[in-house]
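Residues in the sequence shown are numbered from 1 upward in steps of one, following our numbering.
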Amino acid sequence: MVRYERTQQSGDYAAERLLPFLLALFLTMMMQLPIGDGTGNVPVPHLTLMLVYYWSIHRPELLPVPAVAVIGLFQDLLWGGPPGLNMIVLLVARVILSNQQALFVRQSFGVGWAGFVPVVFLAMGLTWLIVCLYYGMLVSMLPLVGHGLVTLAAYPLLGWLFGRFDRFLKPD
1 MVRYERTQQS GDYAAERLLP FLLALFLTMM MQLPIGDGTG NVPVPHLTLM LVYYWSIHRP
61 ELLPVPAVAV IGLFQDLLWG GPPGLNMIVL LVARVILSNQ QALFVRQSFG VGWAGFVPVV
121 FLAMGLTWLI VCLYYGMLVS MLPLVGHGLV TLAAYPLLGW LFGRFDRFLK PD
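If you want it as structure tokens, here you go:
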């Protein structure tokens, strides 16, 4: 019996390396879907921040810094607002996580989730700071607090799904 192996030269391997990036683009578009009553008053979880967090810790080679920059730029183009905002936030998260990967890589899910808390607070704080600087005035943090809390609440489900996706990508 011939066993099929995925190698770095195979087309399957190249396609698999693109899947987290393509998933991030899909999640960015999902964040644009109207939820709730359509007024925009319902906070949406920051799906791409969750994805960057997960893949930066577990498989950083599948989500390199240039890919994170493109994801953030794509998100900026879809959302409007200060140009480069999401690109900066996601890049800062990616760079910080690349330096802290060893702390989280083989930890329990609870430890990983707890590690996500400061990342969310940093991302929301940085978002608030950039928005205030861009518009030249102090803006309310309440929408970002809601956004951050919903993001934290959604991480267990999305983290589990990312883990399943990761197992699918790993060679046998």
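All residues carry an ideal CB built from backbone N, CA and C; glycine is no exception.
Contact with chain B by residue i, beta-carbon distance below 7 Å
i	result
M31	Considering every chain present, this structure includes no chain B. It has just one protein chain.
Neighbourhood of residue i by C-beta distance below 8 Å, restricted to the same chain and skipping five residues each side
i	result
L91	V65, V68, A69, G72
P143	P43
L126	I88, V89, V92
V139	W128, V131, C132
Best match in the options for proximity to residue i [C-alpha to C-alpha]
i	options	result
H147	F165, L158, V120, R164	V120
L63	Y134, V111, V139, A93	A93
W79	Y135, I35, M29	M29
R167	W55, Q107, G112, G110	W55
F109	V145, P34, Q32, P156	P156
R106	Q32, M137, I35, G163	G163
L149	Q32, A114, G136, M137	A114
Segment limits, alpha helix (DSSP H) that includes residue i
i	result
R167	142-169
S56	47-58
L103	85-104
G112	109-135
L73	65-79
Reduced DSSP secondary structure (H/G/I, E/B, other) of residue i
i	result
Q32	coil
P43	coil
P82	coil
L138	coil
V2	For V2, the predicted structure reports a pLDDT of 42, less than 50, and the residue's modelled location is therefore unreliable. A value from the coordinates is still provided. Looking at V2 - three-state DSSP - the assignment turns out to be coil, as it is neither helix nor strand.
Beta-carbon proximity check, residue i vs residue j, cutoff 7 Å
i	j	result
N86	Q75	yes
F21	I57	no
A174	L51	Nothing about residue 174 can be reported from this structure: the residues present for the chain run from 1 to 172 only.
M175	W160	It is not possible to answer for residue 175, since the shown part of the chain is limited to 1 through 172.
T151	P45	yes
L27	L47	yes
A123	L49	yes
Neighbourhood of residue i by C-beta distance below 6 Å, restricted to the same chain and skipping five residues each side
i	result
E16	L169
G112	F104
N99	none
L158	M50
Contacting residues, own chain, Cβ-Cβ under 7 Å from residue i (five flanking each side not counted)
i	result
Y53	A93, L97, F116, V119
P82	I130, V131, Y134
G84	D76
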